[in-house]
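Chemist:
Residue numbers (our numbering): 12 to 717.
1) Once DSSP output is grouped into helix, strand and coil, what is the label at residue 683?
2) In three-state terms, what does DSSP make of residue 605?
3) Considering only the alpha carbon of each residue, which of 228, 656, 665 and 673 lies closest to residue 682?
4) How would you call residue 196, buried or exposed, if buried means at least 16 neighbouring beta carbons within 10 angstroms?
5) Among 159, 64 and 299, which one has its Cα closest to the Cα of residue 236?
6) According to the Cβ coordinates, are residue 259 and residue 300 closer than 8 Å?
7) So what does DSSP say about residue 398, is it helix, strand or coil?
8) Relative to the C-alpha of residue 174, which candidate in 107, 211, 149 and 217 has its C-alpha closest?
9) What is the rounded straight-line gap between the Cα of residue 457 and the Cα of residue 419?
10) Taking its Cβ as the centre, do 16 or more other Cβ atoms sit within 10 Å of residue 349, making it buried, or is it exposed?
11) Quick check on the burial criterion: 16 or more other C-beta atoms within 10 angstroms. Buried or exposed for residue 347?
12) Going by the beta-carbon positions, is the gap between residue 719 and residue 550 smaller than 8 Å?
13) Comparing the CB of residue 131 with every heavy atom of the ligand GDP, is any distance shorter than 7 Å?
14) Taking its Cβ as the centre, do 16 or more other Cβ atoms sit within 10 Å of residue 158, making it buried, or is it exposed?
15) Three or more C-beta pairs under 8 Å: does that hold for the segment 86–100 against the segment 115–132?
16) Only counting the same chain, and skipping five residues up and downstream in sequence, which positions put a Cβ closer than 6 Å to that of residue 80?
17) Report the option in 332, 147 and 181 whose CA atom is closest to the CA atom of residue 170.
18) Can you round the beta-carbon distance between residue 328 and residue 539 to whole angstroms, since I take them to be within the 8 Å contact cut?
19) For the alpha helix (DSSP H) that contains residue 447, what are its first and last residues?
20) Under a three-way DSSP split, which group does residue 691 fall into?
21) If you follow the beta strand (DSSP E) that residue 528 is part of, which residue opens it and which one closes it?
22) Using alpha carbons as the reference points, say which of 561, 581, 555 and 590 lies closest to residue 567.
23) Any idea which residues DSSP pairs residue 151 with across the strands?
24) DSSP three-state call for residue 78: helix, strand or coil?
25) In chain order, what residues of the same chain have a beta carbon less than 7 Å from the beta carbon of residue 367, not counting five sequence neighbours either side?
26) Would you say residue 714 and residue 596 are within 8 Å of each other, going by their C-beta atoms?
27) Would you tell me roughly how many angstroms separate the C-alpha atoms of residue 136 and residue 151, rounded to the nearest one?
28) Using only alpha-carbon positions, find the residue among 312, 245, 717 and 516 that is nearest to residue 719.
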């Protein structure tokens, strides 16, 4: 093909009579690879060769090129591509060969078969030295891509018998892999010749026969003399743009005017406001040496028409799911199960650093007449932030019961301050006396002048540990006062895929809005509300278990977004979401054994009695699970062991009870999860109540109810 093109156009003007122009193209070369080496072995690879003195191989190179002339004879060349630099190192040596248990003279061969390739870049200066002949010289660098080797030593004489004395095989030191300690980037000098042949009459397509020699400057392996020199021959195809002939231009413009009517809130204009012409289309028609050009422009003028603004509102709600997915929501599905649970009542009230006033998170009542423990939300944190009212209610119901109140202070951040500890005890006594009218002789305070450090002390030296020690401890002479709360057959959410609602709100015109309000209503009850003056783009509503339990699947949840102007004008938008609740066919009976002492797992008598009462109604087919938890304080390994020991102790006690043996129940799982999982309804470890409620063993009986 190249020969034919040269023969066809050799009688036209030659290339060297033309001005050099920018050209780009591709090349493909065959390469003879020559290894220049002087080393015994690769780093860390056994080999008994005296010295590898060189080797050969073949390969190829291919890639792209671009050439930019900077004078009549010189041009700057950039070539980038891929090269195969494979080669074989081979050396012969003499040795003793074991033939029929007799050592004889023999020969063996050392070989290293290298598979090497690189992506490379050439920066060359080219010079036209004669007619179509160019000389190139410059720099070549390559980034190794493949750098594998295969090495072995093979007996060559005798050819049909004999083995190595040390390995009893005909080959040894057979190794392969990545070349150790290789240089990722290698550098070379490059020189070459190229002869160009025109492929068409305009000489825009050129075939160039080329030959290059690349001389290695760096070693393949760090610390070893191993360099690669390559001789290439091949062909390059280049395309260059023909010089443009001078063309005359006949240019005409056409303007299209459109008028846009805009209803203005403030002004009216009789004449339109002129817009800025914008380019639309260009048409060209080349005839001989003239290019007829037609350009079309469009201008949009604006006519303002006064119209009194009307207030409007828009609302769209998206759901943000736990897996990160976000999409418009029309309905949500909630999975629930029936649960009967005994909730622990913490006999502890926690205080803020240096404070003796009850923290705001503890529920205080001005009127206790209608307080009902069983109407509280079935949530351990809710119960234990209402514990003073629960204790007050039970003291009223048990008029002979007496409680003991003892205050404590942290030994590090509060220096075990006894005055502060007593003030905390007085605050608890005062609330029970004033809110629940409990006589002072039934609220006994234990005071200490020396030791105001809690008996149940947290040793961890951080703010979590210090906060655990700032508390008041309550004990009672009647077990009914601090007995667990038994919540029978309530619904608990076990799968709530929606993490939050994202309410996208909009009102127009925005400047007329003085206030806005967003409210969620179902069956006449408000589930959620937000309001303000400046309208946000998105109102984020977090969805939790409390919200899930409060909604009714029989009626859609109606979200209303309303806005109001200073003059009293209002607008609103509605969005409805249907709710579907699926109830599991299994119900759960749950008991939490409160293990409050740090790093302890022994069962108390009260725990054993609670377990006996809990499993006395076992049925055939019931499944028991036992899970031990810890908080996040302390050493991780110790917490893992502690949670497993707590669970194991409970499992062993259950397995020896007659109720368990008679009904052949199954305990699965019996495990400790330390703090990788939180107990049900415990969402964090931020509060000391949450950390204390995480030092538990939870027992569940799973039973089919339908």
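Glycine included, every Cβ here is placed at the ideal spot set by N, Cα and C. The structure presented is a predicted model; accordingly, all values stated were derived computationally and were not measured.
Modeler: So, from the data block:
1) strand
2) strand
3) 656
4) exposed
5) 64
6) yes
7) helix
8) 107
9) 10 Å
10) buried
11) buried
12) Here the chain has residues from 12 to 717 only, and residue 719 is not among them.
13) The ligand GDP is not among the ligands present in this structure, which contains no ligands whatsoever.
14) buried
15) yes
16) 31 and 86
17) 181
18) Between residue 539 and residue 328 the Cβ distance is about 12 Å, and since that is not below 8 Å, they are no contact.
19) 429–447
20) coil
21) 526–533
22) 590
23) 133 and 199
24) strand
25) 431, 434, 435 and 438
26) no
27) 12 Å
28) This structure cannot settle anything about residue 719, because the visible part of the chain is limited to 12 through 717.
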